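Residues 110 to 294 (our numbering) make up the sequence shown, in order.
Down below is the structure, laid out as structure tokens.
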Amino acid sequence: PTDKNGRMTMLRPGRRVGRAAPLIPWLLSAAALWALTGSVPFGALLGMAPTPAISMLLGHPVTVGVAVLLLFVAIGTTGGVYSRSIEHFGQTRVAGLFATLSVAGGLAAVAGVLLLWTLTSALSRPFDLEAIVTSPTIPPELGAVVGASIALWAAIALLRVPGSIAHARRRQADIERLRVEGSSC
110 PTDKNGRMTM
120 LRPGRRVGRA
130 APLIPWLLSA
140 AALWALTGSV
150 PFGALLGMAP
160 TPAISMLLGH
170 PVTVGVAVLL
180 LFVAIGTTGG
190 VYSRSIEHFG
200 QTRVAGLFAT
210 LSVAGGLAAV
220 AGVLLLWTLT
230 SALSRPFDLE
240 AIVTSPTIPP
250 ELGAVVGASI
260 ALWAAIALLR
270 VPGSIAHARR
280 RQADIERLRV
290 EGSSC
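Here it is in structure tokens:
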């Protein structure tokens, strides 16, 4: 594979691949914004609100409007995470994983919190995945399945981060070596 004139590896010559620690506050901020934004669809639309009053609050037009505004802030913050990741690691692959973590991590967190809150509240019926097919309304089990899928997406992204950072370091070292020694062909 070639470097494609900096499109794959974007660090300047002589610059080392950075560390993940400075990105963690930005990542957590973006994830928190995604969690706040995701509370409306998970709570109101996917039936995961623990009480009818909370479901009505999450479905209220003002709450939906605030969630839409927060969505734009979350998108901007995630874009900042992506840009900072490129500055630190020089790889779009690593930056994409950090952006994925902010989105999927926040949505999985809110789905998990709402699911636990719903399960610990007084349930009128037991938690049963068959309700996804048999219920005439949108059951909380559907939200649980969607949340679990997003959590799996976040876990896969998290597991890929260390290997991608190692790849970025190897790639930068190879590019530096080629700049010093020239092509091996």
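All residues carry an ideal CB built from backbone N, CA and C; glycine is no exception.
This structure is a prediction, so every number in the text was calculated from the model and none was measured.
Extent of the continuous alpha helix (DSSP H) run through Gln-200
Locating residue 200 in the sequence shown gives position 91, counting from the first residue. No alpha helix (DSSP H) holds Gln-200; DSSP gives it neither H nor E.
Return yes when the Cβ of Gly-215 is within less than 8 Å of the Cβ of Ala-275, no when it is not.
Translated into positions along the sequence shown, residue 275 becomes position 166. Translated into positions along the sequence shown, residue 215 becomes position 106. Not a contact, by the Cβ cut-off of 8 Å.
At the level of alpha carbons, what is the spacing between Arg-125 and Arg-288?
Here residue 125 refers to the residue found at position 16 of the sequence shown. Here residue 288 refers to the residue found at position 179 of the sequence shown. Approximately 14 Å, taken between the alpha carbons.
Compute the distance between the beta-carbons of Ala-213 and Thr-187, then report whether it is under 8 Å.
As a first step, residue 213 must be located in the sequence shown, where it is residue number 104. As a first step, residue 187 must be located in the sequence shown, where it is residue number 78. Their beta carbons are not under 8 Å apart, which means Ala-213 does not touch Thr-187 by this criterion.
What do you get for Thr-227, buried or exposed, if any count of 16 or more other CB atoms within 10 angstroms of its CB means buried?
Along the sequence shown, one-based indexing puts residue 227 at 118. That one is buried.
By DSSP, does Ala-266 sit in helix, in strand, or in coil?
Taking the sequence shown and counting its residues from 1, one reaches residue 266 at position 157. Helix at Ala-266.
For Ala-266, does the count of other Cβ atoms within 10 angstroms reach 16, so buried, or fall short, so exposed?
Here residue 266 refers to the residue found at position 157 when the sequence shown is read from its first residue. When all chains shown are included, Ala-266 counts as buried.
For Gly-127 and Ala-240, I'd like the C-alpha separation in whole angstroms.
Start at 1 with the first residue of the sequence shown, and residue 127 comes out as number 18. Start at 1 with the first residue of the sequence shown, and residue 240 comes out as number 131. The straight-line gap separating the alpha-carbon atoms of Gly-127 and Ala-240 is approximately 48 Å.
According to DSSP, is Val-126 part of a helix, a strand, or is it coil?
Residue mapping note: residue 126 aligns to position 17 of the sequence shown, counting from 1. Residue state for Val-126 is assigned as coil, using DSSP reduced to three classes.
Based on Cα-Cα distance, which residue from Ala-218, Gly-185 and Gly-168 lies nearest to Ala-310?
Nothing about residue 310 can be reported from this structure: the residues present for the chain run from 110 to 294 only.
Mark Phe-236 as exposed unless 16 or more other C-beta atoms lie within 10 angstroms of its C-beta, in which case mark it buried.
Locating residue 236 in the sequence shown gives position 127, where the first residue counts as 1. Flag for Phe-236 reads exposed.
Would you kindly work out how many angstroms separate the C-alpha atoms of Trp-135 and Val-190, rounded to a whole number?
What you label residue 135 is simply residue 26 of the sequence shown in a count that begins at 1. What you label residue 190 is simply residue 81 of the sequence shown in a count that begins at 1. Going from the Cα of Trp-135 to the Cα of Val-190 covers about 6 Å.
The alpha helix (DSSP H) with Ile-241 in it runs from where to where?
Within the sequence shown, numbered from 1, the residue matching residue 241 stands at position 132. It spans 240-243 - the alpha helix (DSSP H) in which Ile-241 sits, taken as one unbroken run.
Exposure label - Thr-146; buried when at least 16 CB within 10 Å:
Translated into the one-based positions of the sequence shown, residue 146 becomes position 37. Thr-146 comes out buried.
Report the residue from Glu-290, Thr-160 and Arg-278 whose alpha carbon sits nearest the alpha carbon of Ile-195.
In the sequence shown, the residue the question calls residue 195 occupies position 86. Of the listed residues, the one whose Cα sits closest to Ile-195 is Arg-278.
Straight-line Cα distance separating Met-157 from Ala-253
Locating residue 253 in the sequence shown gives position 144, counting from the first residue. Locating residue 157 in the sequence shown gives position 48, counting from the first residue. Ala-253 and Met-157: Cα-Cα distance of roughly 8 Å.
Under the three-state DSSP convention, the category Ala-158 falls into:
Counting from one through the sequence shown, the residue named residue 158 turns up at place 49. Note: Ala-158 maps to coil in three-state DSSP.
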